[in-house]
Amino acid sequence: MNTGMGAGMWLFWIVLIVIVVLAIKFTMTDASRKEGQETDDALALVKKRYASGEIDQ
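The sequence shown runs 0 to 56 under numbering that gives the first Met the number 0.
Shown next as structure tokens:
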């Protein structure tokens, strides 16, 4: 008798692992994009304040 996992269960686990890996990848990618945007926004703010004379150094 066949007591092991069938081909359907192997396919299920492969798909589940791929989904988890992709979710982690997209989470990391979104976090790095947000960090870069915050840095760009902060730099733009400093340049704007320097140009308007609020900051002199």
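Quick reminder that beta carbons are idealized off the backbone N, C-alpha and C, glycines included.
For residue i, which residues from the same chain have a beta carbon less than 8 Å from its beta carbon, with the 5 sequence-adjacent residues on both sides left out?
i, result
"ILE54", "VAL45, ARG48"
To which residues of the same chain is residue i closer than 6 Å at the C-beta, ignoring the five residues directly before and after it?
i, result
"LEU10", "none"
Between residue i and residue j, what straight-line distance do the alpha-carbon atoms span, to the nearest angstrom?
i, j, result
"ILE16", "ALA50", "51 Å"
"MET8", "VAL14", "10 Å"
"ALA6", "PHE25", "29 Å"
"VAL19", "ALA41", "33 Å"
"GLN56", "ALA43", "15 Å"
"LEU21", "TRP12", "14 Å"
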